[in-house]
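Down below is the structure, laid out as structure tokens.
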Amino acid sequence: MKLKITLLSSLLFSLVLSAEEDIYKKSMEDILSMESEIKVNLGSRDGARNYLHSNTPIDVITYKQIDNSGLTSLTDVLRYFVAGFNAPETSVADGTDHVRAFTLRGMSPDQVLVLVNGKRVHTSALLHVNGTIGRGSSHVDLDTIALRSIERIEIMRDGASAQYGSDAISGVINIILKGMGHKSSTAVQYGKRSSGDGEKIYADAFVSTPLKYDGFVNLTMEAVGVDSTQRVGPDNRDNAPSIQTRVGQAKSKNYKMVVNADILNKNSLNIYSNAMLNYRDSEASAFSREDTNLSKPLYSNGFLPIINANILDYTFVVGAKGKLSGGTTWDLSNSYGANYFHYYVKDSMNYTLGAASPTSFDNGSLNFIQNTTNLDFRKKTSSLNFAGGLEFRYENYSIQAGDEESYTSNGSTTTVGGSQGFAGFTPENEVDESRTSVALYIDSNIELSEKLKLEILARYEEYSDFGESTNAKLALSYRAIPELLLRVSGSTGFRAPSLAQANYSQSSSFVDDNNTLVSQGTFTVEHGLAKELGATDLKSERSKNFSMGGVYQPSKQLSFMLDIFYIEVNDRIMLTNELDVSDAMRTKYNVNVQQARYFTNAASTQTSGVDFKIDYRHILSNNSKLDFNLWFNYTDNTINYSDASTDNELEQVRVEEGQPSNSLRFLTNYELSRVNIALNLSRFGEYSQMRENKVYKFDAAYTADLDISYKITRATKVAIGGTNIFDEIPNKWDGLSGDYYGENGIKPYSRYSPFGYSGAYYYLRASMEF
Amino acid sequence: MFKLLQYLLILILLHISLEAYESEDKLKTVIVGKVAKYISWRKRSEDSFVITVLNNKYGTLFDEVYFDKSIKSKPVVIRYIDNIANLGDTDILYIAELEELSLDEVLDISKNKNILTVSDMRGFAQKGGTLQLYFVGQKLKLKMNIDVLQDEGFHIERTLLKIVEVVEEEE
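Protein chains in written order, with the working numbering: chain A, 69 to 838; chain B, 2 to 172.
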């Protein structure tokens with residue numbers, strides 16, 4: 069007991085001491101080596117502020133944390149650092165294998181807005197249409213952004229449509245690129261999975277060139293080559309081909325470049341620009357299959373169709389900002405971004421072409437372009453900060469057909485046409501649709517008293533295709549005592565139907581729960597077949613957000629953050645069930661599919677939960693630093709269908725139980741002059757997936773990531789580490805006996821697994837500053 | 002075993018240093034006095050060391066940091082002004098914000114008065130200020146304009162020059 073009292077009192081004593089410390093007594097060198105508070109730009113147009121003082125919950129990941137992680141993709145950084153962020157790794161899921169879907173608080177990927185330096189980033193052209201987490205959504209491809217270009221990642225856990233417009237329903241991620249003063253650096257990393265596969269080679273270079281008046285040009289280049297992993301189960305199909313399906317991470321080469329520049333003239337006119345370029349060549353397989361052309365087979369032992377995605381993504385932002393004579397600041401910018409997703413299929417065949425079938429196909433492409441122009445104003449007075457602005461956005465979505473061999477049925481009505489694995493887009497699928505939107509917004513921060521602050525935001529937006537939307541947000545913060553900030557916010561929001569949801573169409577074949585090959589088509593709501601099946605025009609999703617919580621900071625070393633949230637989304641846009649297409653319909657609309665689906669405003673969802681965080685920094689007398697960050701998230705999602713065509717338990721299980729309802733991240737970092745040790749523990753809660761009309765539960769799991777680095781010289785560092793170092797593997801389907809999906813099937817693991825199923829990854833890294 | 006761990010934890014806690022995440026504003030106000038110790042003024046006020054803050058945006062931070070403090074063995078006096086015309090005799094002019102006048106106009110008024118001008122405005126040193134404060138990541142950095150410092154007749158200790166980034170004025 070005495071010991072406990074001593075322990076507690078020593079802790080409290082140290083905390084009190086720290087609060088009363090006079091840093092003026094420190095040497096200049098010590099002061100210059102101290103770390104300042106973490107400031108964020110997200111959440112207010114009012115300028116940067118301490119993230120712990122924000123009136124909405126905001127979290128930050130710094131470049132130091134990223135550098136000490138050995139992670140090589142932004143999606144993985146968020147997955148391992150943010151409780152409530154989910155990004156499963158899929159395989160045999162067509163395009164989804166190449167662009168990882170991610171969610172915040174278990175909501176849809178397209179309900180997260182992503183910004184770079186505060187500017188909206190365009191989404192990927194890919195629309196997830198398979199049975200994965202994120203089904204029916206297009207979202208920003210986070211892995212287009214070079215990690216080494218990032219100074220910090222700001223994550224707002226609150227609705228912000230009233231501030232940023234469409235999509236900001238479950239949260240906003242703002243990526244701040246490195247600015248002036250960062251040292252140029254380069255790094256290489258090599259690693260592989262514990263089972264010997266999944267080799268990854270990574271290299272980056274960051275070069276910073278200072279310009280006059282603290283301007284700069286920063287160039288980041290990054291290359292990552294990843295080999296596939298193989299976690300396939302036994303293939304017990306009748307006449308199973310000898311070639312195995314590839315179940316595991318996709319094989320890919322990813323090249324990224326980021327330029328971030330800031331030019332100031334003597335009169336403080338600031339010209340800024342950033343450009344991001346990404347090219348990805350990614351390969352993943354479909355299920356292996358037999359060559360049905362028995363008389364003259366192309367593949368005597370069966371074949372494994374490889375879906376090859378060539379993805380080109382780029383963004384170019386240019387803007388200028390300055391100050392008018394009355395003290396009003398202005399900011400005019402334009403952001404142009406595009407994503408081209410080109411499908412190829414190789415090592416495949418078109419059954420309907422027989423022995424004459426090619427083995428490689430150009431299957432067509434999905435393309436998305438977005439141009440956003442913003443003009444912002446900001447004026448500060450002693451008790452009121454006012455901001456306002458205008459936004460004009462142009463979007464274009466197009467689908468280009470593939471080679472005829474990639475989609476043709478060659479007149480057959482009994483054999484599934486098109487390239488096996490993934491059928492090409494047909495000329496009927498081709499589309500080239502554009503829309504524009506105009507928005508007007510205001511943002512007022514009012515200091516009602518020294519302790520009480522109120523933020524009022526409103527935004528009016530009009531889309532050329534679906535109409536208008538007006539949203540508002542109120543956020544109130546109250547500093548009850550110097551150590552305690554209480555906050556509450558309420559807002560409305562929306563998400564415009566994406567152009568992809570409104571215009572995507574494609575046909576493909578898949579294996580259903582009865583292990584039967586089925587041909588299926590996705591149709592636009594404008595298509596006659598969809599209309600006959602009940603399709604109506606898409607409306608925007610509407611949301612209501614409420615959050616309440618606070619930050620208790622008893623010392624500068626220690627903070628507690630607790631926030632509860634409730635989000636209601638109405639008219640959520642989802643794919644319908646696979647609806648049967650009659651022979652008469654097939655003839656009437658000249659389509660060769662057995663099932664059809666389309667997008668519809670299907671349901672309302674309710675998301676509620678809590679986030680709890682503890683951040684603690686411990687400095688030892690030898691000047692070493694020990695950081696602890698504990699983050700727990702609990703989220704409950706429910707769905708209520710309003711459209712019978714979508715009402716199915718499979719989708720309900722995916723939305724309500726497909727992702728962990730609880731997750732925990734415990735990040736620790738120990739830094740002592742030349743040595744840095746980062747140990748991150750993650751808990752992924754249990755999740756479920758439905759298969760063959762039965763819900764299968766998968767256990768919660770813990771993973772540990774470790775990175776140990778040593779500075780050989782002031783500029784050179786080596787590191788050894790690993791993610792999921794104890795080789796945690798999710799449990800298999802318990803009792804499911806399917807050939808394709810099953811405990812002893814080709815895919816023994818659920819595609820919903822929040823930490824994948826490729827196991828431990830170990831690496832060596834060397835880096836140098838210059 | 003458990004008791005041993007508890008003792009170890011106590012030992013660790015008792016070795017807590019007093020350093021933590023400080024606010025940017027506090028670091029900026031503190032560093033001004035620290036830098037001053039490495040600089041010799043040609044003309045110095047007789048009985049106090051004066052820091053003048055133009056358009057203060059730091060609340061009472063300067064008063065708190067320099068309460069009962071001395072620089073160059075003289076008590077520190079903090080003055081706040083909203084108009085550069087009221088500059089008066091001062092050792093340091095901290096330009097927190099610009100309102101009516103441009104930076105050039107403010108620097109012109111403080112020119113040739115042996116005043117150490119300090120600010121966190123971007124490009125401040127290259128635009129003719131003497132000491133610029135800025136942050137990279139979460140670390141405070143310093144830039145000094147060596148040309149202006151020499152023109153103003155300051156003597157800078159070599160120790161300081163090793164720490165700061167030295168820039169020249171851009172024409």
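Glycine included, each C-beta is placed from N, C-alpha and C at the ideal position.
For the beta strand (DSSP E) containing Arg123(B), list its first residue and its last residue. The continuous stretches of beta strand (DSSP E) do not include Arg123(B), and DSSP gives it neither H nor E.
Exposed unless 16 or more other CB atoms sit within 10 angstroms - verdict on Pro41(A): Outside the displayed range of chain A (69 to 838) lies residue 41(A), so it cannot be described from this structure.
Here's a check: name, in chain order, each residue in its chain whose Cβ is nearer than 6 Å to the Cβ of Ser403(A), leaving out the five neighbours to either side. Lys187, Val385, Thr440
Could you list the residues in the stretch 485 to 511 of chain A with a C-beta less than 7 Å from some C-beta on chain B, going in chain order? Answer set for the stretch 485 to 511 of chain A: empty.
For the alpha helix (DSSP H) containing Asn57(B), name the first residue and the last one. First-last for Asn57(B): undefined, no H or E at that position.
Excluding the 5 residues flanking Gly457(A) on each side, which residues of the same chain have their C-beta closer than 7 Å to its C-beta? Asn442, Leu443, Asp444, Phe445, Tyr509
Taking Cβ positions, are Ala155(A) and Arg173(A) nearer each other than 8 Å? no
Can you give, in chain order, each stretch of the alpha helix (DSSP H) that sits fully within the stretch 717 to 745 of chain A and has at least 4 residues? 717 to 725
Which whole-angstrom value is the C-beta distance of Tyr513(A) and Lys607(A), which I expect to be below 8 Å? The residue you asked about is not Tyr; residue 513(A) is Asn in the sequence shown. Between Lys607(A) and Asn513(A) the Cβ distance is about 33 Å, and since that is not below 8 Å, they are no contact.
Does chain A have any CB closer than 8 Å to the CB of Gln151(B)? Answer no: the Cβ-Cβ gap between Gln151(B) and chain A never drops below 8 Å.
So for Thr590(A), helix, strand or coil by DSSP? strand
With a cut-off of 8 Å on the beta carbons, I'd call Lys324(A) and Glu290(A) a contact; round off their distance for me. 4 Å
Could you compute how far the alpha carbon of Ile467(A) sits from the alpha carbon of Phe734(A)? 44 Å
Rounded C-beta distance between Ile374(A) and Tyr411(A)? I'm assuming under 8 Å. Wrong, their Cβ atoms sit about 11 Å apart, outside the cutoff.
Contact check, Gly470(A) vs Ser477(A), beta carbons under 8 Å: no
Status (buried if at least 16 other CB within 10 Å, exposed otherwise) for Leu832(A): exposed
Counting C-beta neighbours from all protein chains within 10 Å, is the total for Leu452(A) 16 or more, i.e. buried, or is it exposed? exposed
For Gly174(A), three-class secondary structure by DSSP: coil
I need the straight-line Cα distance from Arg305(A) to Phe429(A), nearest angstrom please. Their backbone Cα atoms lie some 27 Å apart in a straight line.
Reference Val168(B); option with closest CA among Leu279(A), Glu222(A), His686(A), Ser137(A): It is Leu279(A).
Whole-number beta carbon distance between Asn418(A) and Ser487(A), since they are thought to touch under 8 Å: 5 Å
Against chain D, which members of the stretch 19 to 49 of chain B pass a CB distance test of less than 8 Å? The chain labelled as chain D is not found among the protein chains of the depicted structure, namely A and B.
Drop a sphere of 10 angstroms on the beta-carbon of Val723(A), count the other beta-carbons inside from all chains shown, and report buried for 16 or more, exposed for fewer. buried
From which residue to which residue does the alpha helix (DSSP H) around Asp109(B) run? Boundaries of the alpha helix (DSSP H) harbouring Asp109(B): 104 to 111, taken from the DSSP string.
Per DSSP, Ile514(A) is paired with what? Leu452(A), Leu522(A)
Have a look at Ile241(A), Tyr465(A), Asn118(A) and flag the residue whose alpha-carbon is nearest the alpha-carbon of Gln179(A). Ile241(A)
Mind listing the chain A neighbours of Glu100(B)? Cutoff is C-beta to C-beta under 7 Å, in chain order. What Glu100(B) touches in chain A: Gly395.
State yes or no: is the beta carbon of Ile79(B) nearer than 8 Å to at least one beta carbon in chain A? Not one chain A Cβ lies under 8 Å of Ile79(B).
Taking DSSP as the reference, what is the three-state secondary structure of Gln438(A)? strand
Got a sec, what are the start and stop residues for the beta strand (DSSP E) Tyr383(A) sits in? Looking at the sequence itself, residue 383(A) is Thr, so the reference to Tyr does not match. Run containing Thr383(A): 374 to 391, per the beta strand (DSSP E) assignment.
Please determine, among Gly677(A), Ala116(A), Lys624(A), Asn716(A), the residue with the shortest C-alpha to C-alpha distance to Asp684(A). Asp is not the amino acid found at residue 684(A); the sequence shown has Tyr there. Nearest of Gly677(A), Ala116(A), Lys624(A), Asn716(A) to Tyr684(A), Cα basis: Lys624(A).
Give the residues from the stretch 613 to 640 of chain A that approach chain B closer than 8 Å (Cβ to any Cβ), ordered along the chain. Ser623, Lys624, Gln625
Do the CB positions of Thr200(A) and Ala161(A) come within less than 8 Å of each other? yes
Please list the residues of the stretch 329 to 348 of chain A that have a C-beta atom closer than 7 Å to any C-beta atom in chain B, keeping them in chain order. Going along the stretch 329 to 348 of chain A in chain order, one finds Leu332, Lys334 with a Cβ nearer than 7 Å to chain B.
Roughly how many angstroms separate the alpha carbons of Pro822(A) and Glu98(B), rounded to a whole number? 49 Å
Residue span of the alpha helix (DSSP H) that contains Val36(B), given as start and end: 25 to 37
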